[in-house]
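In order, the protein sequences belong to chains A and B.
Using the working numbering, the letters of the first sequence correspond one by one to residues 6 to 1162.
Using the working numbering, the letters of the second sequence correspond one by one to residues 234 to 436.
What follows is one structure encoded as structure tokens, with my remarks underneath.
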Amino acid sequence: MSTAGFNSQNGTGTGQTYTNGPSQNPVSLQQLPGVSYGMTHQSTFNPMQAKASVASGPGLYSSGPYQPIPPVSSYQSVPPPSSFPALPGQPLLTSPPMGGPPSHTPPLSASPSPGPRLTSAQAMPPPPAVSTGNYYASPQQPMATAWQYNTPPLQMGPPTSMSTPPSATVANHVNPALGSTVPPPPQTSSAAYGSAPVLHSVTHPPVPGMPPTSLHGYTQPGIAPPPVNPILSHGYQPNRALYGAPPTGPPPTGPLPSMKSTPPPTGPPLANAPPPPPKADAQCGGSVNSSQLPTESDSQEGDIECPGMVAGNGLQASSNYNHVDNKTAGRPQPGSPGQHLGHYPSLPPGYQNAPSAHNATSPMHPALQSTTQPYAQTPQPYQQPPGGPGPAQLSPSLAAMSLQSSTPEALRVVNLLQERNLLPPTPIPAPMPCLPQDLQKVNCNPEVFRCTLTSIPQTQSLLNKAKMPLGLLLHPFKDLSQLPVVTSSTIVRCRSCRTYINPFVSFLDQRRWKCNLCYRVNDVPEEFMYNPVSRAYGEPHKRPEVQNATIEFIAPSEYMLRPPQPAVYLFVLDVSHNAVETGYLNVFCQSLLDNINALPGDSRTKVGFITFDSTIHFYNLQEGLSQPQMLIVSDIEDIFLPTPDSLLVNLNECKELVQDLLKNLPNLFQKTMETQSALGSALQAAFKLLSPTGGRMSVFQTQLPNLGVGALQSREDPNQRASAKDIQHLSPATDFYKKLALDCSGQQVAVDLFLLSAQYCDLASLGCISRYSAGSVYYYPSYHHQHNPAQVERFQKDLKRYLTRKIGFEAVMRIRCTKGLSIHTFHGNFFVRSTDLLSLPNVNPDAGFAVQMSIEENLDDMQVVSFQAALLYTSSKGERRIRVHTLCLPVVNSLSDIFAGADVQAITGLLACMAVDRSVTASLSDARDAMTNAAIDSLASYRQSVLTIQQPGLLAPACLRLFPLYILALLKQKAFRTGTSTRLDDRVFAMCQLKYQPLAYAMLMIHPALYRVDDLTDEGALNINERTIPQPRVLQLSVEKLNREGAFLMDTGMIMYLWVGRNCNPNFLTQVLGVPSYTAVPDNLYLLPDLDTAESQRTRAFIGWLRDQRPFSPTLHIIKDESQLKSSFMQNMIEDRTEAALSYYEFLLHLQQQISK
Amino acid sequence: MILMTIIARVADGLPLAASIQEDEQSGRDLQQYQSQAKQLCRRLNAQSPDRCTLETGELNFHYLIAQGVCYLSLCEASFPKKMVFAYLEDLHNEFYDQYGRRVPSVTRPYSFIEFDTYIQKAKKTYIDSRARRNLGSINSELHDVQRIMVANIEEVLQRGEALSALDTKASNLTSTPRSTYAKVAAVAVFFITLIIYVRFWWL
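Below is the structure:
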């Protein structure tokens, strides 16, 4: 990292040099060069439309998605302590009109029934300006607004159009050998069947097995919902590749024991350290495997061993983290505070308006401070093996909790206007709840289960005062490297609330335990008295269930309503002219051929294929045929299955036929001229095929469906892409896809959508099919096999991951929380079956969920509260499993403690979900205002209620210091930005991602990471599996950090950009890129050459390490100044000013202005 | 038509394998039958008859017990009995071959769910009318099918309940001989006496 760029920046002006369009910098954007920000710039804030004073702008906070909350909800009931004196003359700031039916709601097509979701949403526009200007809550608002799809599916009227008897169908059966050339168009094909009259006039011979029922499956109760216990989990397949959990047990490289003694100042890496027990080391994976052995006794043994192994690994892991400490501690070490840390000046010299607030900054080096862990005194919680003091002693030890003494670094006052280098040099760890060590030691991994406030307020009014959203973020099916699995005939659960026994229950004596959610006293069953770990009797508190916050049970037969379903995969492929043109079929077929043996499943696994253009093509793959038979059904109005029995076939028995088909499929449609797409009918057919068993449907679509049911019209106006006004058409155009998705959900079918299209596809409508059936959406804009090799590569890699990752079928998830708290709004892809039961026909390891909570009863006498998520699922091997995660958090009664426990990343993630909802139900500008106001409110509340000394400046607690930055990043995110040209599908896809991705990945989308990579060194490097991974510093997203002498890597989650400066170090060009000079860098470079130099190895190791941390491999674009992609690279420079949006500093001034009003 | 097949361990009724019923195809809701089947598996014990047919309206359960494993299927009443038992025999032979030894040791429900593949194939063979002709040989082997016991499912499922109900009634009788009945009678007698006395006290 060179200091050149930065220093020169700061060195210029005498004070007002916060230039974000550095003129010296070659990278300059379209911005005005060298703008300096004095207070005079305040006038420019108006476009921001942020919060008006409460008095003048009533209804500002009213509308939209943030209201689903029951009356008690947050931010409401108490008169806002932060209410600002009304200021006149802020017309711009009043919220957009809320009343009146939002114009963006499309007409509900043909559903006479009380549409489950949209109807009411539309009928009931967000409350007009009644509310008191509160954000999240509007008590007047009935619960219904935001999540109408919570209504049970029964209320949906059956789609009348579908109920015509199937016997009237018309079909053309052709049995051309697959290898034959082009399938004849329907007309000719009907001829092949015999009497060959006009197209569509042949009545199809009644198919024997034809279901007489119409399509509306949800009028019948679904097969699945296990009435007994809703929750469930999934099977853990140890042989799967492990994602996530980056720090899994790398062997410590030279930890310096002496460093351990200084943990507090080097906090952040430590926070990284406490991986909850589940996230264990590879070594323990082996023992998990053993639990899968067929014989029962073995499996129990395996289970037993695991905890022990964890203990053993605990030490290792901790030493590993020590090493990390060492790394970061080494740099900033003692030195003189306030001096250079690395290359960063401790205090920006600039900022003319910096008041005398120097007292606000502690003598510690800012960067150092900023990285310091909030609660430093529990630095190495994972050093002791679990098994120490049991949770039984929980309550007494809580009293010793020392909030005050830890006067938390998290609460250190930061004047945002003065401190420039807010980003810690390493990824930000999740804050640790302030719990006694013995509890924290067993608490759930924050990567799996995270709360926006790690200290739960005692009352709703306190929560309202804090003005921060309360919610949970989950990644329940995350791939874990170590997971204890318990086989037991009785699963111990609370008799009244059905909570699974967990580490946070208390044992009154040996025979009784008290539930930590409802406080009922339960008996300990006889079987539970025996501890398989120690083989001792009478130690129920040492059982694995009470030693692990994440655990998996093998479910007994009470947890099944039907025999576990087999793994069933159905692929629905678009083969219209447009699709063939993109060439995706080749990639798909090849990927599936390559991975066909890696598909999760057992000997029962079934596969099937459907292709469609204007007709639907089925493939008969029955055992015994010499080659696959194609059956064409051209009656798309009333779809039926030609031979129901032989379309979905056992993969093992018919593998050759399947392979045969996959090899021929791409050629089959090579010359097709059919341009229409009957996606809706194909989906209906696929649903019929899957409904007896359930399973996964993977749909590949390349254009707007324009034929038959579910046809859509283009709604995008290209001229409006850059509009600063409200964005229309964010909600679905038809409820066809949603209804079908609900049918699918009832039959345990999940639909995953792969959208490969250059044109507008109306993802807002199509996406519903995945959203309500718990599928996922993958989007490859401008996919083309020749013109866009980067997309092809990404598609290939995504497919590989998609096909081989773990999968859970017929799943349900329930989240419970301690009495007094209530969960009211869910975010993610699923269908809410009963009030709190999420129906997940499929669950995959890459799905994240978020929920919002409110406090319904005061938590007066409680010291801790707990949350439990239980996921019941059928593994691909036909095992019914329950995965249970339990999180325990302290309850506090002062505002400062609440602020001290705020988890800024989780808050940002939850706000993003809420904003997506609000964009759809209200409007985009409304959502943007709401996000800005969230920052204003919480900081204002902090200033008024927590700070004792009023100082000038924009003050934030250290734990929230990144909040304004993240909010600004959200405002500039594709999903919410205005004024920058954004295709509607891109925007909608970004919204889907924000709601559906686990927090760790969503954060990269929101705030990408920028590294300088031309001067990577081994200093402070990680050492994982014999590979040395350099750890460059995370840079701020500002053009001033760029430098034409360097090369910079930007990691946006799905895409990585490697920007090469014009005068880039020739060493880097030759040793890493393998080109002699800058001009020789090719335009479309997607790969780093495999050079045998130290620099190349370091760079590739670093990029590879970043890629390994996430499930889907991001593509790498190597770009130069002239590259087309440079603009997308620059759009991520969120701290800079653009034509349409404020710079970070301007945004801060805007916040300050609003707060001090 | 064979609608459902369940293989369970007789000792504790643990389901070992099953064939998923196809709601959509039959147009029937089999949920109720499925829970009946589960109950039935739990009721069976070593004393139960080896082969039995249980009627439940238009559908019949047929089961076969061999080597501690129960093979239970649900068929339409019109489906030939001997065919069903030939099918169950077939399942038994194959199942015992593949998994027989492991049956006593498993604890997880549906441990042998992969047997489903074979069940479905066998089912297809026996349902298919053309294939049936080839199975003509079974006629002779199963000539004694007529002697298979026939009972009603309700009776079987309620037999246990009836006994236990009787038991509780009996114990009630012994423990609290004068139940509320007696009290009510006593109170009634008292009031009647009182009324009579009030009405005719002057006599």
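Beta carbons: idealized from backbone N, C-alpha and C, even for Gly.
Keep in mind it's a predicted model, so treat the numbers as computed, not measured.
Using a Cβ-Cβ cut-off of less than 8 Å, give me the residues of the stretch 564-595 of chain A that come near chain B, in sequence order.
Within the stretch 564-595 of chain A, the qualifying residues are M565, L566, R567, P568, P569, Q570, P571.
| task | Look at V756/A and S778/A and say whether their C-beta atoms are less than 9 Å apart. | result | yes
Let's see if you can read the secondary structure: which residues bound the beta strand (DSSP E) around K519/A? 517-519
inquiry  = Between D1020/A and the ligand NAD, is there a pair consisting of the residue's CB and a ligand heavy atom that are separated by less than 8 Å?
reply    = This structure simply doesn't include the ligand NAD, nor any ligand for that matter.
Tell whether a beta-carbon distance below 9 Å holds between A384/B and E288/B.
yes
If the cut-off is 7 Å on Cβ atoms, which residues from the stretch 490-506 of chain A count as contacting chain B, listed in chain order? Within the stretch 490-506 of chain A, the residues whose Cβ lies closer than 7 Å to some Cβ of chain B are T492, S494, listed in chain order.
Where in the stretch 441-528 of chain A do unbroken runs of the alpha helix (DSSP H), each at least 4 residues long, occur, reported from the N-terminal end onward?
-> Fully enclosed alpha helix (DSSP H) runs of 4 or longer: 442-447, 465-471.
Inspect the beta-carbon positions of F835/A and F814/A and report whether they are closer than 9 Å. no
Exercise. Assign K356/B to one of three DSSP states: helix, strand, or coil.
Key: helix
Fill in: Within-9 Å CB hit, S404/B to chain A
no
By the three-class DSSP mapping on this structure, what secondary structure does V638/A have? strand
Check: Using CA coordinates, which residue listed in A471/A, Q465/A, L999/A, M1010/A is at the minimum distance from A852/A?
Finding: L999/A
Next on the checklist: Rounding to the nearest angstrom, what Cα-Cα distance links G671/A and A763/A in this structure?
Outcome noted: It should be noted that the sequence gives Pro, not Gly, for residue 671/A. Take the alpha-carbon of P671/A and the one of A763/A: they are about 20 Å apart.
- Kindly indicate which residue of L444/A, V896/A, H582/A has the alpha-carbon position closest to the one of M867/A. V896/A
- Should L976/A be labelled buried (16 or more other beta-carbon atoms within 10 Å of its own) or exposed? buried
Report all residues from its chain with a CB closer than 6 Å to the CB of I644/A; omit the five preceding and five following residues, and keep chain order. S686, Q689, A690
Helix or strand or just coil, what does DSSP make of S596/A? helix
Kindly say whether T698/A, judged by its beta-carbon, lies nearer than 9 Å to any beta-carbon of chain B.
-> yes
Checklist entry - Mind checking if W561/A is an interface residue toward chain B, Cβ cutoff 9 Å exclusive? => result Residue identity differs from the one stated: residue 561/A is Pro in this sequence, not Trp. P561/A counts as touching chain B.
- When DSSP builds the beta bridges, which residues end up paired with C308/B? Answer by DSSP bridge pairing, in chain order: I235/B, N293/B.
- Query: Looking at the structure shown, is A1146/A part of a helix, part of a strand, or coil, going by DSSP?
  - Reply: Secondary structure of A1146/A (DSSP, three-state): coil.
> How would you label H1122/A, buried or exposed, when you count the other beta carbons within 10 angstroms and need 16 or more for buried?
Replying inline: buried
By DSSP's criteria, K611/A is part of a beta bridge. Which residues make up the other side? V573/A, N655/A
| message | Assuming the contact rule is C-beta atoms closer than 8 Å, A270/B and F294/B should be a hit. Round their C-beta distance to whole Å, please. | response | 7 Å
Which residue's Cα is closest to the Cα of I433/A: L965/A, S924/A, M534/A, S608/A? For the residues L965/A, S924/A, M534/A, S608/A, the minimum Cα distance to I433/A belongs to L965/A.
- prompt: Does the distance from the C-beta atom of I912/A to that of M473/A stay below 9 Å?
  reply: yes
Between the beta-carbon of S581/A and the beta-carbon of F614/A, is there less than 9 Å? no
Exercise for review: For S608/A, return the contacting residues in chain B, with the cut-off set at a CB-CB distance below 8 Å.
Suggested key: E347, T350
Checklist line | Whole beta strand (DSSP E) elements within the stretch 1041-1106 of chain A, 3-residue minimum | finding: If one requires a minimum length of 3 residues, the beta strand (DSSP E) runs lying completely within the stretch 1041-1106 of chain A are 1052-1056, 1060-1065, in chain order.
request  = For P313/B, decide whether its Cβ has a neighbour in chain A, counting only Cβ atoms nearer than 9 Å.
outcome  = no
Next on the checklist: Comparing C-alpha positions only, which one of D484/A, E1144/A, A907/A, T587/A sits nearest to Q791/A?
Outcome noted: T587/A
Measuring straight from C-alpha to C-alpha, what distance separates S311/B and G713/A?
42 Å
Use the C-beta contact count for T823/A: other C-beta atoms within 10 angstroms, 16 or more gives buried, fewer gives exposed.
buried
Self-check item: Rounded separation between V754/A and N849/A - CA only
Solution: 13 Å
**Prompt:** Is D1020/A closer than 9 Å to N1070/A when the C-beta atoms are compared?
**Reply:** yes
* Asked: What is the rounded straight-line gap between the Cα of N1030/A and the Cα of Q1114/A?
  -> 14 Å
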